[in-house]
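Encoded as structure tokens, the structure appears first; notes follow it.
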Amino acid sequence: MNRKGALSLIFAVCSFVATAQEIAENEIEAPKVKLSYLDSVKNTFIRHEVLSDIDSMWMKELANTELFDAMQEDIENVNPDESVDFNLSTDVLKERLAKLDATSPFHIEYNPALENVIKSYLKRRSKSFERLMAISQYYFPMFEEYLDKYDLPIEIKYLAVVESALNPRARSRVGATGLWQFMYRTGKQYNLEVNSYVDERQDPLKATEAACQYLSAMYKVFGDWDLVLASYNAGPGNVTKAIRRSGDYKNYWNIRHKLPKETRGYVPAFMATMYVYEYAKEHGIIAKQPTTTYFETDTVMVKREMSFAQISSLLDVPVQQLQFLNPIYKRDVVPYTKEKAHYIRLPKSKVGLFTSNENAIYAYIDHEFEKREKPHFIREQQEALALSEQMDGKKVIITTQSYRIKKGDNLGAIANKYGVSVRDIKNWNGLRSNMIRAGQQLHIKVKTIVDIPEEELVVEKPEPVAPVKIKEADVIPVTVEPEVQSIAVNGMVLDSKKEDAESEEDLVAAYKKDNSSAINYEQEHLYIVQKGDSLFSIAKKLPGVTVDHLKRWNKLNKNVIKPGMKLKVGEETN
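Residue 1 is where the sequence shown starts when you use the UniProt record's numbering, and the numbers rise one by one after that.
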């Protein structure tokens, strides 16, 4: 190969390498371009210092169903009358129960049945109680606040452990739901709303308050907290029957054998739970420490319907965490109605992010709503309305503009710039995805509001205006302004000084007197321009009157008028 050929080969190789490198660089840079509308919205967010959130393992623990199933199994199957082999001295147990009894309104007295349940829990459920005690650190402060509000025993907080194992979405085989296991009818009785989207029995705050109200009512009936517990499980009717069938005894342990089978183990389960919590350290039960508490969350009222998936995408909060913090929403959707406010509970760090960027968040929600497929007839109506939309003296013109994509552009930002949706841009340009490249040209339809040309406003040939005869019977008083009294005559407005008139007849006479030298009263009328009026809309109200008439009578060069102006509607005569 000669020198000339070798040089040509070298240049060709270099050119190929340079071209390949440029292509490679473009390919590497392409993924860096943010393409989604969501990304463009989040880029505008005002962000604050982020506090630690609940980690995924802790969230899984808080939302467990395993503990609920185990607790229900114990209540149903643990036999209080069956001895349990566990290393706990009866004398020590009696001493501890006596201490609990001394500081509690419940009758925590030693008996062999209670000893068997306590030993069963310590033997079989110590690991479960470690987990329950950790979850309690989230819920107990809230329970105690409401128990104090209703002046109820603080120990009732352990009732939620027995009822639901502190799972706000727990649901029993008979349909009892939530932390406090309300049946549908009982929930309705205490104003807990249940519909397709919302189940307030699963709302920790509302359900806790309803439970406090129910327990307060039951105490007024029975006057004994042990019987109140029994009625919470079996219903007041079954407790009353058990009292009668036992010979009018009113101590729980004396009527226990007359109660339904499940309730026989219910009160012992409550007292055993209280004992395990109060003497956990003595039995080597150490609660796991949570990474968040009830006090590290807050609520925000929503102004649009939004899904957990949308909130998760915008705020970077796991859907599982939103489900835990907002168990009230059955379908992972926060509804919106004008009649009743709905709230979303978030970690406090995310509450600040939400409230600082509400407008951008709702713009994204609206954008997502517009992307939903709509029936053809609705889409056609919207397009027809956009094309034919007219206002008084104005009309809408739709034009198509071209936009050349720059490096770093994305469809969301372009859509924002022109006030259209990403879906529209994709439809106008036949795009199947959000992928765009620098240099590509897009066609965008832009809506512009303009004044209607005068030649389009004047649709009729000007004709002489026939004199309008005014009858005093047609005179109607209207608004009163300082120093001026106005009256309407056949839709027209006449003005006269207030002090010149004491009645409608005097007002007409005063108007004639004030204006007789300059204007023929039989033919002259005044129209006061209202907000939103145009010459075109006024002319349409008056038979035989056109915009040209109004302009000539009032010596107007343009179509511009302002509210409060008085327009002559008729020719002056000499």
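By construction, the Cβ of each residue, glycine as well, lies at the ideal position given by its N, Cα and C atoms. These numbers come from a predicted model, not from an experiment.
I'd like to confirm the pairing. Which residues does DSSP put opposite residue i in its beta bridges?
i: I285; result: According to DSSP, I285 bridges with nothing at all.
i: L346; result: D298
i: I528; result: K566
i: Y329; result: V198
i: T177; result: R171, F182
i: V221; result: Paired residue(s): none; V221 is not in a bridge.
i: V334; result: M306
Between residue i and residue j, which are expected to be in contact by the criterion C-beta below 8 Å, what is the C-beta distance as a whole number of angstroms?
i: A234; j: T263; result: 4 Å
i: L205; j: M271; result: With a Cβ gap of about 27 Å, L205 and M271 do not count as contacting.
i: Y110; j: L100; result: The Cβ separation is near 10 Å, so there is no contact.
i: residue 592; j: L535; result: Past the boundaries of the shown model lies residue 592; the chain is included only from 1 to 574, so the question cannot be answered.
i: F222; j: E155; result: Between E155 and F222 the Cβ distance is about 17 Å, and since that is not below 8 Å, they are no contact.
i: I75; j: G265; result: 5 Å
i: N116; j: S83; result: 6 Å
i: F197; j: Y329; result: The sequence as given places Tyr at residue 197; Phe does not occur at that position. That pair is a contact at about 6 Å.
i: Y252; j: V267; result: 6 Å
i: Y139; j: L166; result: 6 Å
i: S128; j: A70; result: 6 Å
i: D203; j: P112; result: Contact flag wrong, Cβ pair sits at about 40 Å.
Using a Cβ-Cβ cutoff of less than 7 Å, which residues in the same chain neighbour residue i once the five nearest sequence positions on both sides are dropped?
i: I255; result: A242, I243, S246, Y249
i: W428; result: H443, I444, K445
i: T299; result: Y343, I344, R345
i: M565; result: V529
i: K123; result: V84, F86
Between residue i and the rest of its own chain, which residues show a CB-CB distance below 6 Å, the 5 nearest in sequence each way excluded?
i: I405; result: I436, A438, Q440
i: A170; result: F68, S164
i: N554; result: L567, K568
i: L314; result: I361
i: S216; result: Y150
i: H403; result: Looking at the sequence shown, residue 403 is not His but Tyr. Closer than 6 Å at Cβ, skipping near neighbours: L442, I444.
i: R304; result: Y336, Y362, I365
i: V334; result: V302, M306, H342, I344
i: Q401; result: I444, V446
i: Y121; result: A272, V276
i: S104; result: E155
i: residue 606; result: There is no way to answer for residue 606, as the model of the chain reaches only from 1 to 574.
i: residue 582; result: Absent from the structure is residue 582, since the part of the chain shown begins at 1 and ends at 574.
i: N557; result: none
i: K407; result: A438
i: V545; result: A539
Return helix, strand or coil for residue i, following the three-state DSSP convention.
i: S120; result: helix
i: K551; result: helix
i: T400; result: strand
i: R171; result: strand
i: I444; result: strand
i: S307; result: strand
i: D74; result: helix
i: F182; result: strand
i: T90; result: helix
i: I255; result: helix
i: R245; result: helix
i: A165; result: coil
i: M133; result: helix
i: F106; result: coil
i: D203; result: coil
i: P80; result: coil
i: G419; result: coil
i: T208; result: helix
i: A341; result: coil
i: P31; result: Here the model assigns P31 a pLDDT of 42, short of 50, so the residue's position is not dependable and the matter cannot be decided.
i: I414; result: helix
i: S534; result: coil
i: G187; result: helix
i: V317; result: coil
Report all residues from its chain with a CB closer than 8 Å to the CB of residue i; omit the five preceding and five following residues, and keep chain order.
i: S172; result: Q72, Q181
i: K531; result: P563
i: V194; result: Y184, G187, K188, E200, R201
i: residue 575; result: Outside the shown range of the chain, which is 1 to 574, sits residue 575, and nothing can be said about it.
i: V239; result: F222, L227, A230, S231, I255, L259
Answer yes or no: the CB of residue i versus the heavy atoms of the ligand PLP, is any distance below 7 Å?
i: D409; result: By its list of ligands, the structure shown contains no ligand whatsoever, and the ligand PLP lies outside what it can speak to.
Using a beta-carbon distance below 8 Å, is residue i in contact with chain D?
i: G175; result: Among the chains in the structure shown there is no chain D, since it carries only a single protein chain.
Item to complete: May I ask you to verify whether the region 301 to 317 touches the region 118 to 134, counting CB pairs closer than 8 Å and requiring at least 3?
Response: Contact between the region 301 to 317 and the region 118 to 134 is absent, because fewer than three Cβ pairs lie under 8 Å.
Worksheet item: Counting pairs of beta carbons, one from the region 168 to 182 and one from the region 200 to 218, are three or more of them closer than 8 Å?
Response: Output reads yes: the region 200 to 218 touches the region 168 to 182.
Worksheet item: Touching or not, the region 318 to 336 and the region 272 to 288, by the rule of three or more beta carbon pairs under 8 Å?
Response: Fewer than three pairs of CB atoms, one per stretch, sit closer than 8 Å, so the region 318 to 336 makes no contact with the region 272 to 288.
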